[in-house]
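Below is one structure; the comments refer to it alone.
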Amino acid sequence: MDWPMAAFVFLGAMVLYSAWRVATAPLITHAALFLAASFAGVAGLFFLLEADFLAAVQLLLYAGAVMTVVIFAIMLAEMRELEDAAPHAGWLAQLRSGRLGWAPLAGSVALFAVLVAAYERGAAGWPKTALPAPADSTRFVAGALFGPYALPFEVASVLLLAALVGAVILTRVEGKGR
Amino acid sequence: MSGMSLGYVLVRSVILVLLLMGAFAYFMVLERKVLGYFQLRWGPVRVGPWGLLQPIADALKMVAKEDTQPLGADGLIFVAAPALALFVALAAFAVIPLGPTLHFGHLALPLSVANPPSGLLFVLAILSLGVYGVSMGGWASQSKYALLGGLRAAAQMVSYELALGLSVISAVVLAGTLSLTGMVRAQAVHGLWAMVPNILGFVIFVICSVAETNRAPFDLAEAEGELVAGFHTEYSGFRFANFVMAEYINMFTLSALGSILFLGGWLGPFGLPSSAWWLVLKMALYLFFFIWLRATFPRIRYDRLMSFGWKVLVPLGFLNLVWISAFVALGGWH
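So the sequence lines, in the order shown, correspond to chains D and G. Numbering (the numbering used here) for the first sequence: 1 to 178. Numbering (the numbering used here) for the second sequence: 1001 to 1334.
Take a look at the structure:
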């Protein structure tokens, strides 16, 4: 096994294991940290694919910004423990339980099978062999974002703005025009 | 990655880590000496001539100390936090080029562990993970001082990262590249340090780099008078040393970044030939400025710190970005 393959196996295992632990960790802070680890693993996978722009953005936005705010909120909110998670069950017991173990596992395997089947049929015209990575992926992504995909990009930013305004309205103290 | 074997990268990583550790040790001596002179005392004088063997004594003390852990602490996270903090600090420095690639016969020695085309973005991404070590350490200690310190540090770092990012973006617009070597090359081509048109961006960068590293006068996260030692209150011995090392290596990273983005990197002033030593000199001046600030200013109040970041630095950063974009678009370089 050459080292990119070894790195891929390690990162893939890290992403999958921490994603599973997000759902099963008894402490919500641990769940948040596992989510951060999962994001970091995905960034590592992007690095392996030589998509260094996407990798950096994944780290910067998801692991750096989004998760920091989530952890910050958890720390402030004193939600130390989730009530109904099986706190000290072993991993085998967790796998046997429907909510934490076999049902989500079966669901994700089924989803994966559907994806593979769609890919094998050549749905959406996906290439069968890997395209060479562009030498300057940042320039490539920028060209796509400000060229053919300018409208979806702008619509997504309007959506984020709407979410921001919504958050401000939801958290505003009623009846106080501060 | 072409032409670069894994072993060669490993060797250079080890060299870099040793270099950073040595720089950290002697920067500590320098800081204590300079702070001493600022305060009309001698600083360390007893260990070795001029206190030069002080870091060895400090290291021995740190290793020999008992490794304590509070009873209610979250074991794994408590142990992982300082390691993560140090890892993040070291990883960020890995992509910073210290100078142009050296050639010995047909052996090329690049003065960085890796030099990705979007190196600047990588540094920012890694630096944004620095907040984990601090907040995890603060939370896992299960002590009120540590938790409050961790929260303060997290909020402060996230807030100032925004203004820092804005000043970095202005430098990117000016140079037209995300590569750190490209940054220096752009300044060489224009024959002008980026600091000249982008002076506001440079000032914002300096202020934010002090706040990002939780240094005085922005060291609210470890305000001794109210929070004991903030997020690392419960840490002792080598784990505590890890946190301190991470803080200083982050200072090195930000000073190198500031020198490359705004001060021409390894370009010499007045047309003198470029050399890695120029970058080291600029970093040294930058770091001296850190110490100078610490010796001069009292700690500012927390609410003022936050409102300064959000209501002064962020709008100024946007204004500066507009100015720099106009400068580039209107052909200010020509």
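Even for Gly, the Cβ is constructed at its ideal location relative to N, Cα and C. Keep in mind that this is a model prediction, so the values were computed, not measured.
CB contact below 8 Å: residue i versus chain D
i, result
"ALA1125(G)", "yes"
"LEU1006(G)", "yes"
"SER1118(G)", "yes"
"VAL1184(G)", "no"
"LEU1281(G)", "no"
"TYR1145(G)", "no"
"TRP1139(G)", "yes"
"TYR1132(G)", "yes"
"PHE1231(G)", "no"
"SER1170(G)", "no"
"GLY1003(G)", "Because the pLDDT at GLY1003(G) is just 46, under 50, the model does not fix this residue reliably, and the value given afterwards should be weighed accordingly. No, GLY1003(G) does not count as interfacial toward chain D."
"ALA1090(G)", "Looking at the sequence itself, residue 1090(G) is Leu, so the reference to Ala does not match. Not closer than 8 Å to any Cβ of chain D, the Cβ of LEU1090(G) fails to qualify, so no."
"SER1236(G)", "no"
"SER1112(G)", "no"
"LEU1129(G)", "yes"
"PHE1122(G)", "yes"
"LEU1178(G)", "yes"
"SER1209(G)", "no"
"LEU1135(G)", "For the record, residue 1135(G) in the displayed sequence is Ser; it is not Leu. For SER1135(G), the answer is yes, since a Cβ of chain D falls inside 8 Å of its Cβ."
"GLY1317(G)", "no"
Buried/exposed call for residue i, threshold 16 Cβ in 10 Å
i, result
"GLY1072(G)", "exposed"
"GLU1247(G)", "buried"
"ALA113(D)", "exposed"
"MET5(D)", "exposed"
"THR1181(G)", "buried"
"TYR1357(G)", "There is simply no residue 1357(G) to check, as chain G begins at 1001 and stops at 1334 in what is shown."
"SER1002(G)", "Confidence is the limiting factor: at SER1002(G) the pLDDT is only 41, short of 50, which leaves the residue's position unreliable and the question unanswerable from this model."
"GLY64(D)", "buried"
"GLY1201(G)", "buried"
"GLY1133(G)", "buried"
"PHE1093(G)", "buried"
"TYR1235(G)", "buried"
"LEU1109(G)", "exposed"
"GLY1317(G)", "buried"
"ASP1401(G)", "With chain G represented from 1001 up to 1334, any question about residue 1401(G) goes unanswered, as that position is not in the structure."
"LYS1311(G)", "exposed"
"SER1177(G)", "Note that residue 1177(G) is Thr in the sequence shown, not Ser. The residue in question, THR1177(G), is buried, as its Cβ has 16 or more Cβ neighbours within 10 Å."
"PRO1315(G)", "exposed"
"GLU1161(G)", "buried"
Cβ distance (whole Å) where residue i is taken to contact residue j below 8 Å
i, j, result
"PHE1270(G)", "ALA1023(G)", "In fact, because the Cβ distance is near 27 Å, the residues do not count as touching under 8 Å."
"LEU59(D)", "ALA43(D)", "5 Å"
"PHE34(D)", "ARG21(D)", "4 Å"
"MET1136(G)", "ILE1077(G)", "5 Å"
"GLY1130(G)", "ASN1250(G)", "6 Å"
"PHE1205(G)", "GLY1150(G)", "Wrong, their Cβ atoms sit about 25 Å apart, outside the cutoff."
"LEU1147(G)", "GLY1138(G)", "5 Å"
"VAL1168(G)", "LEU1261(G)", "7 Å"
"SER1209(G)", "LEU1254(G)", "4 Å"
"ALA1163(G)", "LEU1313(G)", "4 Å"
"ASN1198(G)", "ALA1155(G)", "Not confirmed; about 28 Å, so no contact."
"VAL1123(G)", "LEU1016(G)", "Not quite, the Cβ-Cβ distance comes to about 14 Å (not below 8 Å), so this is no contact."
"LEU1111(G)", "LEU1102(G)", "7 Å"
"PHE1297(G)", "PRO1217(G)", "4 Å"
Residue-chain proximity (residue i, chain G), Cβ-Cβ < 8 Å
i, result
"ILE28(D)", "no"
"MET75(D)", "yes"
"PHE10(D)", "no"
"LEU161(D)", "no"
"TRP20(D)", "no"
"THR24(D)", "no"
"ILE169(D)", "no"
"PHE182(D)", "Coverage of chain D is limited to positions 1 through 178, which leaves residue 182(D) absent and any answer about it impossible."
"TRP3(D)", "yes"
"THR129(D)", "no"
"LEU82(D)", "Note that LEU82(D) scores a pLDDT of 47, beneath 50, so its modelled location is shaky; the value from the coordinates is reported in the next line. LEU82(D) does not count as touching chain G."
Could you pull out every unbroken alpha helix (DSSP H) segment of at least 4 residues lying fully inside the segment 1031-1067 of chain G, listed in chain order?
-> If you keep only unbroken alpha helix (DSSP H) runs of at least 4 residues inside the segment 1031-1067 of chain G, you get 1054-1064.
Give, in chain order, every unbroken run of the alpha helix (DSSP H) that is at least 4 residues long and sits entirely within the segment 101-140 of chain D.
-> If only complete runs of 4 or more residues are kept, the segment 101-140 of chain D shows the alpha helix (DSSP H) at 103-120, in order along the chain.
Selection of the segment 1150-1161 of chain G by Cβ proximity to chain D, strictly under 9 Å = Cβ contacts with chain D come from GLY1150, LEU1151, ALA1154, ALA1155, MET1157, VAL1158, GLU1161.
For the segment 1175-1203 of chain G, which segments carrying the alpha helix (DSSP H) assignment without a break, of at least 4 residues, lie completely within its bounds, in sequence order?
-> Whole alpha helix (DSSP H) segments, 4+ residues: 1180-1190.
Residues, ordered as in the chain, of the segment 37-64 of chain D that lie near chain G by beta-carbon distance below 7 Å = Per Cβ criterion, the list reads ASP52, PHE53, ALA56, LEU59, LEU60, ALA63, GLY64.
Along the segment 1280-1310 of chain G, what residues have a CB closer than 7 Å to any CB found in chain D?
-> Within the segment 1280-1310 of chain G, no residue has a Cβ that lies closer than 7 Å to any Cβ of chain D.
At which residue ranges does the segment 1119-1170 of chain G contain complete alpha helix (DSSP H) runs of 4 or more residues, listed in the order of the chain?
-> Runs found: 1119-1127, 1130-1140.
Which runs of the alpha helix (DSSP H), 4 residues or longer, sit entirely within the segment 1276-1325 of chain G?
-> If we require 4 residues or more, the alpha helix (DSSP H) runs fully inside the segment 1276-1325 of chain G come out as 1276-1296, 1302-1308.
Taking only runs that begin and end inside the segment 14-87 of chain D, name each unbroken alpha helix (DSSP H) of 4 or more residues, in chain order.
-> Taken in chain order, the whole alpha helix (DSSP H) runs of length 4 or more contained in the segment 14-87 of chain D are 28-48, 52-57, 67-77.
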